[in-house]
DNA sequence: AGTTACATTTGGATCGTTCTAATCAGGCAA
DNA sequence: TTGCCTGATTAGAACGATCCAAATGTAACT
């Protein structure tokens with residue numbers, strides 16, 4: 032049936048109209064399920080649609096209606112399972128609402144981010160979900176996006192002052208509270224010398240998590256040694272390399288709050304290489320609850336951020352914004368949840 | 032500058048034309064860098080474009096030109112790092128060629144696959160890259176896609192007979208050769224009792240890998256016990272659970288060729304739980320070379336499939352197809368490479 | 001001046017849809 | 001008869017770009 036479609040040409044409303052002797056307009060009404068059309072003609076038209084294998088041309092419709100049926104999703108790093116899960120969640124929710132996802136990866140390059148934003152805007156997305164590249168700044172993003180589409184900022188804040196007339200929505204994780212909870216958990220287990228391990232100072236999420244750690248330590252009246260903050264790239268490999276820095280400290284810690292799961296898994300590796308057993312001789316926590324966390328050796332105590340669910344939430348937020356373009360901008364902070372596993376043991380001497 | 036854009040209305044060619052007193056057609060020529068326009072007018076027009084903050088409407092252009100600037104990428108499981116990397120590669124190459132990626136996730140559901148295909152087709156993609164869901168079949172895919180866009184099948188074959196007039200391109204991994212190489216490597220290390228662990232019979236990639244294993248064993252004149260083939264879902268968790276099946280065999284193997292890395296890592300976990308040290312007491316290999324493989328305990332010997340590179344390759348193949356719609360369909364088989372690490376030790380008694 | 005050649009510009013139709021306002025047939029009340 | 005509603009249909013102008021043929025201007029050469 033549909034294989035009879037002429038090779039090059041696409042079937043249009045005109046073809047259907049001609050095929051069952053009604054006007055283009057009527058066919059259009061049928062497609063949109065209007066109650067205006069007569070039952071019998073509707074049946075005739077629907078039969079013809081099937082017969083010719085018609086597919087709707089949303090681009091043409093969007094042009095005429097000045098509407099959009101797509102959302103741009105721009106990610107700094109799709110290879111990171113956290114963002115991959117997030118993307119899957121976004122796509123799921125958008126799809127359910129009849130929208131399609133325009134994907135763009137920036138690979139942590141602010142330059143590419145500019146290019147990708149520009150290119151995606153030409154396709155007229157109804158909105159944008161942006162997880163910015165590391166050194167992306169508000170000014171540049173504003174220059175290219177302007178008021179051409181509403182923007183939802185995810186996961187990271189933008190560098191530079193945010194011009195007040197750009198009121199963007201935000202969806203952030205509750206980094207500070209998460210790190211505070213993790214630290215409190217270690218303290219409750221009896222630890223007193225706790226380090227903060229991994230991440231970069233200039234990442235907003237890292238600063239927030241560190242702040243949560245400090246908050247918990249202060250509240251418990253525990254001392255924080257300056258060499259208990261160890262920076263490294265948020266990757267397993269770099270974390271493993273930096274492990275020794277923990278034991279060069281004047282007061283060697285018995286536990287570490289890690290910037291994220293990748294770092295924590297790397298630290299585990301580094302501990303193993305030093306002959307220490309994570310979860311026995313040294314306690315640690317992660318952040319993100321990626322799939323591998325539960326299956327580590329030992330399983331990792333971490334903060335669950337539910338990236339898939341966050342993706343759905345992000346999609347919802349943009350869709351709501353589309354329906355109320357003038358509403359005040361929203362700053363959403365998604366809760367995180369402590370997942371206790373075996374890596375957060377009591378200190379060895381206890 | 033661009034903030035002066037009137038809020039609701041978008042800037043069009045007409046606005047620019049009016050703004051610098053030329054015709055719409057001339058502005059269009061400028062946009063496309065035609066050599067026809069005079070240097071001076073070009074400069075005037077470009078200035079006006081900048082001044083009004085014009086952004087190109089690719090949908091309108093595509094409508095008129097009957098062209099497309101997007102490719103649909105449909106994946107069975109984006110949360111899997113293999114596919115996430117693949118997607119990043121696709122997006123990178125498409126972006127470089129001025130195309131945009133329309134993302135669609137099916138979550139291994141053939142039903143959703145149908146829906147997603149239908150929905151994405153309405154946006155008129157120039158081509159489709161499809162990594163099919165587990166039980167997807169050729170007939171259904173053909174029914175919805177027809178000749179409306181060229182399709183590139185990635186990673187898996189479709190169930191059911193492939194109607195001969197649907198000549199789709201394919202990009203597959205060299206599964207059989209990969210598994211054969213892995214098996215030969217273990218044999219060279221001195222193993223004689225080697226199991227094939229993980230995956231489902233009804234997955235084409237699993238059948239191919241198993242065939243490669245059998246080929247290598249036969250060539251080395253090694254016996255294959257029937258209970259050396261253990262099935263499980265391609266996840267770490269299920270693999271860990273099924274570990275015991277290896278040791279229930281009448282002749283206990285000393286090594287295993289695993290369906291993929293996830294399974295291999297799960298098997299490592301299961302071995303640990305039985306008090307066996309993978310890479311010391313038992314040898315094993317994976318498939319895919321995902322990021323965690325290099326960092327496992329011990330690091331995993333596996334087959335590198337370079338998913339990012341495969342993504343770029345897939346993009347290239349579709350783009351080539353767009354330029355030569357009538358060329359004969361291509362079956363590409365991507366090479367895989369053995370990466371030897373510590374998990375593939377010699378047998379303990381050797 | 002008249003013709004030709006060339007470089008530049010442009011009006012209007014067009015892509016496949018939706019929208020607005022108009023049309024048309026029929027029934028029913030006055 | 002006329003008028004008026006009501007339900008079903010439709011012609012034709014949009015949307016924002018591109019394409020084509022035709023028009024314009026300028027300079028050069030008979």
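Residue numbers (this note's numbering), protein chains in the order written: chain A, 32 to 381; chain B, 32 to 381. We put the beta carbon where it would ideally sit given N, CA and C, even for glycine.
Next item on the list: With DSSP as the reference, label residue 370(A) as helix, strand or coil.
Entry: The residue you call residue 370(A) lines up with position 339 of the first chain. In this structure, residue 370(A) counts as strand in the three-state DSSP scheme.
Next item on the list: Starting from the Cα of residue 168(A), find the closest Cα among 185(A), 193(A), 106(A) and give me that residue.
Entry: Against the first chain, residue 168(A) aligns to sequence position 137. Measuring from the Cα of residue 168(A), the nearest candidate turns out to be 193(A).
Next item on the list: Have a look at 331(A), 341(A), 80(A), 68(A) and flag the residue whose alpha-carbon is nearest the alpha-carbon of residue 50(A).
Entry: The count along the first chain starts at 1 and reaches residue 50(A) at position 19. That would be 80(A), whose Cα lies nearest to the Cα of residue 50(A).
Margin query: For residue 302(B), which residues in the same chain have their Cβ closer than 6 Å to its Cβ, ignoring the five residues on either side in sequence?
Written below: The count along the second chain starts at 1 and reaches residue 302(B) at position 271. Within the same chain, residue 302(B) has close Cβ partners 309, 313.
Check: Is residue 163(B) helix, strand or coil by DSSP?
Finding: Here residue 163(B) refers to the residue found at position 132 when the second chain is read from its first residue. Reduced to three states, the DSSP call for residue 163(B) is coil.
Check: Quick one: what's residue 260(B) bridged to in DSSP?
Finding: Against the second chain, residue 260(B) aligns to sequence position 229. 227(B).
Notebook entry, point to check: Run through DSSP, which three-state label would residue 131(B) get?
Noted result: Position 100 of the second chain, counting from 1, holds the residue named residue 131(B). Residue 131(B) falls in the strand class under three-state DSSP.
Check: For residue 122(A), which residues in chain B fall below 8 Å Cβ to Cβ?
Finding: Here residue 122(A) is taken as the residue at index 91 of the first chain, counted from 1. Neighbours of residue 122(A) on chain B, chain order: 109, 134, 135, 136.
Notebook entry, point to check: Where does residue 67(B) land, buried or exposed, given buried means 16+ other C-beta within 10 angstroms?
Noted result: By one-based count along the second chain, residue 67(B) stands at place 36. Residue 67(B) comes out exposed.
Next item on the list: To the nearest angstrom, report how far apart residue 199(A) and residue 188(B) are at their CA atoms.
Entry: In the first chain, the residue the question calls residue 199(A) occupies position 168. In the second chain, the residue the question calls residue 188(B) occupies position 157. Distance between the alpha carbons of residue 199(A) and residue 188(B): 44 Å.
Item checked: C-beta atoms of residue 297(A) and residue 267(A) nearer than 7 Å -> One-based indexing of the first chain puts residue 297(A) at position 266. One-based indexing of the first chain puts residue 267(A) at position 236. Yes, Cβ-Cβ distance for residue 297(A) and residue 267(A) is below 7 Å.
Checklist line | Candidates 262(B), 134(B), 120(B), of which the one nearest residue 126(A) by Cα | finding: Counting from 1 along the first chain, the entry for residue 126(A) is found at position 95. Closest by alpha carbon: 134(B).
Next item on the list: Using a Cβ-Cβ cut-off of less than 7 Å, list which residues of the region 298 to 316 of chain A approach chain B; keep chain order.
Entry: 300, 303
Checklist line | chain B contacts made by the region 67 to 100 of chain A, where a contact means CB separation under 7 Å | finding: 84, 86, 87, 88, 89, 90, 91, 93, 94
Check: Between residue 155(B) and chain A, is there a C-beta pair that is closer than 7 Å?
Finding: Taking the first residue of the second chain as 1, we reach residue 155(B) at position 124. Yes, its Cβ sits closer than 7 Å to a Cβ of chain A.
Next item on the list: Using three-state DSSP, classify residue 269(A) as helix, strand or coil.
Entry: To locate residue 269(A), count along the first chain from 1; it is residue 238. Residue 269(A): helix per DSSP, three-state reduction.
Next item on the list: Would you mind stating whether residue 132(A) and residue 104(A) have Cβ atoms separated by less than 7 Å?
Entry: Here residue 132(A) refers to the residue found at position 101 when the first chain is read from its first residue. Here residue 104(A) refers to the residue found at position 73 when the first chain is read from its first residue. In this structure, residue 104(A) lies closer than 7 Å to residue 132(A) by Cβ.
Margin query: With distance defined between alpha-carbon atoms, name the residue in 60(A), 99(A), 203(A) nearest to residue 341(A).
Written below: Within the first chain, residue 341(A) is the residue found at index 310, counting from 1. Checking every option, the nearest Cα to that of residue 341(A) belongs to 203(A).
Notebook entry, point to check: Nearest chain B C-beta to residue 47(A) closer than 7 Å, yes or no?
Noted result: Taking the first residue of the first chain as 1, we reach residue 47(A) at position 16. At a cut-off of 7 Å, the C-beta of residue 47(A) has no neighbouring C-beta in chain B.
Notebook entry, point to check: What does residue 267(A) touch in chain B if you count any residue whose Cβ is under 7 Å from its own?
Noted result: For this step, residue 267(A) is matched to residue 236 along the first chain. Ordered by position in chain B, the residues that pass the 7 Å Cβ test against residue 267(A) are 326.
Item checked: Exposed unless 16 or more other CB atoms sit within 10 angstroms - verdict on residue 371(B) -> On the second chain, position 340 is the one that residue 371(B) refers to. So residue 371(B) ends up on the exposed side.
Next item on the list: Indicate whether the contact test is met: 3 or more Cβ pairs, each with one atom in the region 314 to 333 of chain B and one in the region 140 to 150 of chain B, closer than 8 Å.
Entry: no
Note to self: Assuming contact is defined by CB atoms lying nearer than 7 Å, are residue 58(A) and residue 71(A) in contact in what I supplied?
What the structure shows: Position 27 of the first chain, counting from 1, holds the residue named residue 58(A). Position 40 of the first chain, counting from 1, holds the residue named residue 71(A). No, the Cβ-Cβ distance between residue 58(A) and residue 71(A) is not below 7 Å.
Notebook entry, point to check: Using 8 Å as the threshold, is the region 174 to 189 of chain A in touch with the region 208 to 219 of chain A, meaning 3 or more CB pairs across them?
Noted result: no
Item checked: Euclidean distance between Cα positions of residue 368(B) and residue 222(B) -> Position 337 of the second chain holds residue 368(B). Position 191 of the second chain holds residue 222(B). When rounded, the distance between both Cα atoms is 21 Å.
Checklist line | Those residues which DSSP pairs with residue 335(B) across a bridge | finding: Along the second chain, read from residue 1 onward, the residue named residue 335(B) stands at position 304. Answer is 319(B), 368(B), bridged to residue 335(B).
Note to self: Less than 7 Å between the C-beta atoms of residue 384(B) and residue 183(B), yes or no?
What the structure shows: What the structure shows of chain B is the stretch from 32 to 381, and residue 384(B) is not part of that stretch, so it cannot be assessed.
Margin query: Against chain A, with Cβ distances strictly below 7 Å, would residue 112(B) count as a contact?
Written below: Start at 1 with the first residue of the second chain, and residue 112(B) comes out as number 81. Yes, residue 112(B) counts as interfacial toward chain A.
Notebook entry, point to check: With contact counted as at least three CB pairs below 8 Å, one residue from each stretch, are the region 351 to 361 of chain A and the region 240 to 252 of chain A in contact?
Noted result: no
Item checked: Distance CB(residue 128(B))-CB(residue 350(B)) smaller than 7 Å -> As a position in the second chain, residue 128(B) is number 97, starting the count at 1. As a position in the second chain, residue 350(B) is number 319, starting the count at 1. Cβ distance < 7 Å, so residue 128(B) and residue 350(B) count as in contact.
Item checked: chain A residues whose Cβ lies nearer than 7 Å to that of residue 4(B) -> Within the shown structure, residues of chain B are numbered from 32 to 381, placing residue 4(B) beyond reach of any answer.
Next item on the list: Report yes or no: do three or more beta-carbon pairs, one from the region 283 to 292 of chain B and one from the region 219 to 235 of chain B, lie closer than 8 Å?
Entry: yes
Check: Are the Cβ atoms of residue 157(A) and residue 170(A) separated by less than 7 Å?
Finding: Locating residue 157(A) in the first chain gives position 126, counting from the first residue. Locating residue 170(A) in the first chain gives position 139, counting from the first residue. Not in contact: residue 157(A) and residue 170(A) (Cβ atoms no closer than 7 Å).
Item checked: Between the CA atoms of residue 145(A) and residue 172(A) - distance to the nearest angstrom -> On the first chain, position 141 is the one that residue 172(A) refers to. On the first chain, position 114 is the one that residue 145(A) refers to. Between residue 172(A) and residue 145(A), the C-alpha separation is close to 7 Å.
Note to self: Taking the alpha helix (DSSP H) that residue 150(A) belongs to, which residues open and close that run?
What the structure shows: To locate residue 150(A), count along the first chain from 1; it is residue 119. Looking at the DSSP string, the run of the alpha helix (DSSP H) that includes residue 150(A) is 141 to 152.
Item checked: Contacts around residue 163(B), its chain only, beta-carbon distance under 6 Å, and the 5 residues preceding and following it disregarded -> Looking up residue 163(B) in the second chain gives position 132. Once the five neighbours on either side are set aside, the close Cβ partners of residue 163(B) are 187, 189.
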